[in-house]
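**Student:** Residue numbers (the working numbering), protein chains in the order written: chain A, 1 to 608; chain B, 609 to 913.
Ideal placement from N, C-alpha and C gives every residue a C-beta, glycine not left out.
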Amino acid sequence: MSALLEIRDLSVALPLPAGTLHAVREVDLTLDRGQSIGIVGESGSGKSMTALALMRLLPRGARHGATRLAFDGVDLASLSDAGFAREIAGPRIGMIFQEPMTSLNPVYTIGRQMTEGAVSRGMLSAPDARRKALDLLDRVGIPDPETRFGQFPHQMSGGQRQRVMIAMTLMLDPELLIADEPTTALDVTVQAQILDLLDDLRRERDMATILISHDLAVVAERTDSVAVMYGGQVIEQGAADDVLHRPAHPYTQSLLHAIPQVGGTPARLSAIPGTVPSLTRPPTACVFAPRCDHRRAECVAQRPPTRTGASGHAWRCVLETPPRSGRGAEPLRAPPTAANADIVLAARDVRQVYTTRKAMFAAKREIVALDGVSIDLHRGETLALIGESGSGKSTLARILLGLAEPTSGEVTMLGRPVAALSPVERASFVQPVFQDPYSSLNPRRRLSEIIERPLWLRGEHDAAKRKAAVDEAMDHVRLPKRLLHSYPSQLSGGQRQRVAIARALVTRPEALVCDEPTSALDVSVQAQILNLLDDLRAEMGLTCLIITHDMAVVHQVADRVAVMLEGRIVEEGPAQRVLASPESAYTARLLAAAPRFEAVPDRLEVAQ
Amino acid sequence: MTDIDATFAAADAADETATLTPGQVFRRRMFGHTGFLIGAGLIALIALVAIFAPLLAPHDPFAQSLSTRMLPPAWVDGGTWDHIFGTDQNGRDYLSRLIYGTRVSITIGIGAATIGLLIGVTLGVLAGYFGGWVDHGISFLLTAQLALPGLLLAMALVFIIGPSIWVVIGIVGVLHWTYYLVVTRSATQRIRNLDFVAAAAASGANPRQIIWHEILPNLFSSIIVIFTFELGIAILAESSLSFLGVGIQPPTPSWGLMIAEGKQAMFYRPWLVILPGVCLFLLVIGANLMGDGLRDITSPEGRNE
């Protein structure tokens, strides 16, 4: 039997003002019926473009070409766009997207959106379609499908919408399902459920799946084979077990080592230096060479050959035998904090209630965001605040920063109530680092202006002193001076996050409140930032509050953990203890849902 | 920190613009932007004509000569090279009137669009930033303004105050701030919730500093686009008022007034309308091209580079 999907030498090019961007190059993929493949890569690696090219959903102006693009023996290139939309997209290949909040049309009911495709194609009559939709809603785990059928998307949570999306895709019984980051926008506990659902459905229906993700751990657990993409090319491909446990390409190895682990003693992460390359020039060398630890002269002189191992394991590298590199065993630099250090930032019985009205004269509704939260931050420690979306952790962060006033309760900084402090005093004590490095920097200001602004606001009008402080802050976050006059748009995500940290540090605050500082970043960049936070704690004795949803990040950086659920703190204690033996059921559930993969042999060697 | 130094070695090759000074980047973008060069060239030309009108005009724009009324332009049968663009209903030299009319049109266009900008942007930013009752109040003002018949109100006001160029500028400006308000209000609402505003607040910035330093620079590109658009609208509004007899008073030459006067003879003397129409078109298109160009040049991403 021939393969269900066969892609040979696929390339995608995007014309940009600065030149043509070769987003995908020479990608070969083969997928059999009922099989699953994971495509993994950091942002900009071309993984989504590969799927979009297959579905003919590329952005306007993009060109793609392939020597062979066949689905079930049918040459896709020979189909017109209309023919493709009629024959293939939907009934044979289904696709679900990352953002469940925007992938359903808000003005139509769930039922109408689900049945529309099948009915308009004449595949099912309206009553049959309805019956099938109800069955599928039930199957994907939507309780009370009869009621849900008539509801609108805004009446459902993100996880439920993603389930509806899956059910909608299954209405036409596709033979191949492409899931492009299906769980990235969802909470950890929901993520696990959705991935399990996809996996079950694949087995049940003998449906092939392509799972695209930036998260190696997600892919490791759920797919038969894995393709690792970097710089638009598949640099390593093979059975999931081989690629994840016996990685052959230096990039795959470094990527695996950059992921923080939930178990063991936290050590420095082996960050991959540098950033993802720009893809405007045709490759004359190995795409990973500039960031590779094992770089040789041949790497930059020629393109690496494809090497093959057992059972279809293939990688592109100059080295004949895979290099053996262990996880860096360097311990963390920051010293452990003394248990009895004084309290620098504290919240007592903080309650935050929002009142909303639907219309000007409608009755008031109260939403309790925080319900009697008390928390202490000791000098020099890192406290991690974890919880899922809606648990109130960001609200608490705003209150601790003094950006919002709680409805009741008190926040004290160094023993003084925050209300008694002037904004400038408050600013020189605690500073924020936000999640999204794309919205936390003013796009109209140069880096030098952004970083020196807090000094100016504090009343430092001596330009030379400001300049000296900016230079020092740039050094702290390891940003080169030549970027001083750049705009944020010229920087990568990781560089922007460094700028945000530099701005926070320029006034030499005692505490940082970091709201999901790495969740918008790629794994290799996350490792750089987490190491940077470790350095800063060691050098400046910073006190940090880190808000996160990622258990592995908690394990990596935190001394203590506080777990939040629905506006309350349900568990608090030393990080090691909470992660090893959680007391509350909710913490245990969070821990169980966190994706993890342990048995990387050389990693175990290091741990022993 | 050897590993981190290597971090940026890879990025080095990619961004060459980072090595140029801001001034160099600005000049390079400016001279690389054809639209901006054409637009700025047109505007500069029109501004020079306005300034040096007495030197450029071949005749006195107010001198009437009833024996040479409605002469056609020189390139049409019956035209003379003495009056290159012909003469109007009162036998005044059309070219001279167009040249002097530049002064009025530019003054009114820029003046009125600026007044509208100051009112609209101030209200829009306040409404968007503070929200709540401030927003309700300003939105009410907007609704009230939109509900009023603008031209009628302008006529009434001019009638009460008395016509003069400054009154026309003031009134046209006061009646054209709604676009600024709508656009800046929604943009401010969006920007206000971005993290860099929270970061500024966390650094102790007060609302005035946040508005000036964080929000206004991000509104710049939309404001420029509306300004160039309102510039044309204001000149046309002046011509409507002049046409109705409450705008610029004859014999002062203005393009709008000339179109209005020429309308009576439009079907057998079309150039009376076409010539000032072309001037108006060049001014508006110049302003638009320059505005779009400025937006591209000053935006950090440097679109259309």
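Closer than 8 Å, Cβ to Cβ, to anything on chain C: give me those residues from the region 809-835 of chain B, in chain order.
**Tutor:** This model lacks chain C altogether; the protein chains it does include are A and B.
**Student:** Going along chain A in order, which residues have a C-beta closer than 8 Å to the C-beta of leucine 902 of chain B?
**Tutor:** Position 294 of the second sequence, counting from 1, holds the residue named residue 902 of chain B. Near leucine 902 of chain B there are no residues of chain A at all, since even the closest Cβ is about 14 Å away, more than 8 Å.
**Student:** Please decide whether alanine 427 of chain A counts as near chain B, where near means a Cβ-Cβ distance under 8 Å.
**Tutor:** Position 427 of the first sequence holds residue 427 of chain A. Yes, alanine 427 of chain A lies at the interface with chain B (some Cβ there is under 8 Å from its Cβ).
**Student:** Between valine 424 of chain A and chain B, is there a C-beta pair that is closer than 8 Å?
**Tutor:** Your numbering for residue 424 of chain A matches position 424 in the first sequence. Closer than 8 Å: yes.
**Student:** Check threonine 612 of chain A in the structure and name its three-state DSSP category.
**Tutor:** Nothing about residue 612 of chain A can be reported from this structure: the residues present for chain A run from 1 to 608 only.
**Student:** Check whether the Cβ of leucine 441 of chain A lies closer than 8 Å to any Cβ atom in chain B.
**Tutor:** Along the first sequence, one-based indexing puts residue 441 of chain A at 441. Chain B, which has a Cβ nearer than 8 Å to the Cβ of leucine 441 of chain A, makes this yes.
**Student:** Would you say alanine 806 of chain B reaches chain A, if we count a Cβ-Cβ gap shorter than 8 Å as a contact?
**Tutor:** Locating residue 806 of chain B in the second sequence gives position 198, counting from the first residue. Taking Cβ atoms only, chain A reaches closer than 8 Å to alanine 806 of chain B, which makes this a yes.
**Student:** Along the chain, where does the alpha helix (DSSP H) containing leucine 201 of chain A start, and where does it finish?
**Tutor:** Counting from 1 along the first sequence, the entry for residue 201 of chain A is found at position 201. Looking at the DSSP string, the run of the alpha helix (DSSP H) that includes leucine 201 of chain A is 188-205.
**Student:** Can you give me the start and stop residues for the beta strand (DSSP E) that arginine 351 of chain A sits inside?
**Tutor:** For the purposes of this step, residue 351 of chain A is taken as residue 351 along the first sequence, with counting starting at 1. Looking at the DSSP string, the run of the beta strand (DSSP E) that includes arginine 351 of chain A is 343-357.
**Student:** Could you work out which residue in B:Gly732, B:Leu679, B:Met898, B:Asp685 is closest to leucine 750 of chain B when comparing CA atoms only?
**Tutor:** Taking the second sequence and counting its residues from 1, one reaches residue 750 of chain B at position 142. The option with the nearest alpha carbon to leucine 750 of chain B is B:Gly732.
**Student:** Determine, for glutamine 431 of chain A, whether the minimum Cβ-Cβ distance to residues of chain B falls below 8 Å.
**Tutor:** Counting from one through the first sequence, the residue named residue 431 of chain A turns up at place 431. By this cut-off, glutamine 431 of chain A is an interface position.
**Student:** How would you call proline 517 of chain A, buried or exposed, if buried means at least 16 neighbouring beta carbons within 10 angstroms?
**Tutor:** Working through the first sequence from its first residue, we reach residue 517 of chain A at position 517. With 16 or more Cβ atoms within 10 Å of its Cβ, proline 517 of chain A is classed as buried.
**Student:** Using C-beta distances below 8 Å, list every residue in its chain close to glutamine 632 of chain B, excluding the 5 sequence neighbours before and after it, in chain order.
**Tutor:** Sequence index remark: in the second sequence, residue 632 of chain B carries index 24 (1-based). Closer than 8 Å at Cβ, skipping near neighbours: no residue.
**Student:** Is the separation between the beta-carbon of alanine 511 of chain A and that of phenylalanine 429 of chain A shorter than 8 Å?
**Tutor:** Position 511 of the first sequence, counted from the first residue, corresponds to residue 511 of chain A. Position 429 of the first sequence, counted from the first residue, corresponds to residue 429 of chain A. Closer than 8 Å, so yes.
**Student:** If we ignore side chains and look at the alpha-carbon of each, how far apart do asparagine 105 of chain A and threonine 147 of chain A end up?
**Tutor:** Reading the first sequence from its first residue, position 105 is the one you call residue 105 of chain A. Reading the first sequence from its first residue, position 147 is the one you call residue 147 of chain A. Approximately 18 Å between the Cα atoms of the pair.
**Student:** Listed in chain order, which residues of the region 169-184 of chain A have Cβ atoms closer than 9 Å to some Cβ of chain B?
**Tutor:** The region 169-184 of chain A vs chain B, Cβ under 9 Å: nothing.
**Student:** Look up serine 36 of chain A in the DSSP assignment and give the residues it is bridged to.
**Tutor:** To locate residue 36 of chain A, count along the first sequence from 1; it is residue 36. Bridge partners of serine 36 of chain A: A:Thr209.
**Student:** Threonine 786 of chain B by DSSP, collapsed to three states: which one?
**Tutor:** Here residue 786 of chain B corresponds to residue number 178 of the second sequence, with the count starting at 1. In the structure shown, threonine 786 of chain B sits in a helix (DSSP, three-state: H, G or I).
**Student:** For chain B, is any of its Cβ atoms less than 8 Å away from the one on phenylalanine 361 of chain A?
**Tutor:** Residue mapping note: residue 361 of chain A aligns to position 361 of the first sequence, counting from 1. Not an interface residue.
**Student:** For valine 226 of chain A, which of helix, strand or coil comes out of DSSP?
**Tutor:** Start at 1 with the first residue of the first sequence, and residue 226 of chain A comes out as number 226. Strand, per DSSP.
**Student:** Out of A:Thr223, A:Cys317, A:Ile450, point me to the one whose CA is closest to aspartate 293 of chain A's CA.
**Tutor:** For this step, residue 293 of chain A is matched to residue 293 along the first sequence. Of A:Thr223, A:Cys317, A:Ile450, the residue nearest in Cα terms is A:Cys317.
**Student:** What are the boundary residues of the alpha helix (DSSP H) that glycine 238 of chain A is part of?
**Tutor:** Residue numbering aside, residue 238 of chain A sits at position 238 when the first sequence is read from its first letter. Run containing glycine 238 of chain A: none in the alpha helix (DSSP H); it sits in the beta strand (DSSP E), 233-239.
**Student:** Secondary structure at leucine 617 of chain A, three-state DSSP: helix, strand or coil?
**Tutor:** No answer is possible for residue 617 of chain A: it lies beyond the span of chain A, which begins at 1 and ends at 608.
**Student:** What is the rounded straight-line gap between the Cα of isoleucine 96 of chain A and the Cα of leucine 172 of chain A?
**Tutor:** Reading the first sequence from its first residue, position 96 is the one you call residue 96 of chain A. Reading the first sequence from its first residue, position 172 is the one you call residue 172 of chain A. Looking at the two C-alpha atoms, the distance is approximately 13 Å.
**Student:** What does the alpha-carbon distance come out to for the pair tryptophan 683 of chain B and proline 669 of chain B?
**Tutor:** Counting from 1 along the second sequence, the entry for residue 683 of chain B is found at position 75. Counting from 1 along the second sequence, the entry for residue 669 of chain B is found at position 61. Taking the straight line joining both Cα atoms gives about 21 Å.
**Student:** Around the Cβ of threonine 209 of chain A, are there at least 16 other Cβ atoms within 10 angstroms (buried) or fewer (exposed)?
**Tutor:** Indexing the first sequence from 1 puts residue 209 of chain A at position 209. Counting Cβ neighbours within 10 Å, threonine 209 of chain A comes out buried, since at least 16 surround it.
**Student:** Which stretch, first to last residue, makes up the alpha helix (DSSP H) that contains histidine 555 of chain A?
**Tutor:** If you number the first sequence from 1, residue 555 of chain A lands on position 555. Here the alpha helix (DSSP H) through histidine 555 of chain A covers 551-557.
**Student:** Would you call the region 463-476 of chain A and the region 820-833 of chain B in contact, with 3 or more CB pairs under 8 Å?
**Tutor:** Contact fails: fewer than three Cβ-Cβ distances are below 8 Å.
**Student:** Are any of the Cβ atoms in chain B nearer than 8 Å to that of aspartate 436 of chain A?
**Tutor:** Here residue 436 of chain A refers to the residue found at position 436 when the first sequence is read from its first residue. Yes, its Cβ sits closer than 8 Å to a Cβ of chain B.
**Student:** Using the Cα positions of leucine 783 of chain B and lysine 465 of chain A, report the straight-line distance between them to the nearest angstrom.
**Tutor:** Residue numbering aside, residue 783 of chain B sits at position 175 when the second sequence is read from its first letter. Residue numbering aside, residue 465 of chain A sits at position 465 when the first sequence is read from its first letter. In a straight line, the C-alpha of leucine 783 of chain B is about 48 Å away from that of lysine 465 of chain A.
**Student:** Keeping to the same chain, check which residues put their C-beta closer than 6 Å to that of lysine 467 of chain A; ignore five residues upstream and five downstream.
**Tutor:** Within the first sequence, residue 467 of chain A is the residue found at index 467, counting from 1. Nothing listed; no residue qualifies.
**Student:** With a CB to CB cut of under 6 Å and the five nearest residues on each side skipped, what residues in its chain are close to proline 488 of chain A?
**Tutor:** What you label residue 488 of chain A is simply residue 488 of the first sequence in a count that begins at 1. Here the set comprises Leu441, Pro443, Arg496.
**Student:** When DSSP labels each residue in this structure, what does leucine 726 of chain B get in the three-state scheme?
**Tutor:** Here residue 726 of chain B is taken as the residue at index 118 of the second sequence, counted from 1. If DSSP states are grouped into helix, strand and coil, leucine 726 of chain B belongs with the helices.
**Student:** From the beta carbon of aspartate 743 of chain B, is the nearest beta carbon of chain A less than 8 Å away?
**Tutor:** For the purposes of this step, residue 743 of chain B is identified with residue 135 of the second sequence, where counting begins at 1. So no, aspartate 743 of chain B is outside the interface.
**Student:** Tell whether a beta-carbon distance below 8 Å holds between threonine 223 of chain A and isoleucine 37 of chain A.
**Tutor:** Numbered from 1 along the first sequence, position 223 holds the residue referred to as residue 223 of chain A. Numbered from 1 along the first sequence, position 37 holds the residue referred to as residue 37 of chain A. Yes, they are a contact pair.
**Student:** Given a threshold of 16 other Cβ atoms within 10 Å of its Cβ, counted over all protein chains shown, does phenylalanine 288 of chain A qualify as buried or as exposed?
**Tutor:** Within the first sequence, numbered from 1, the residue matching residue 288 of chain A stands at position 288. Buried.
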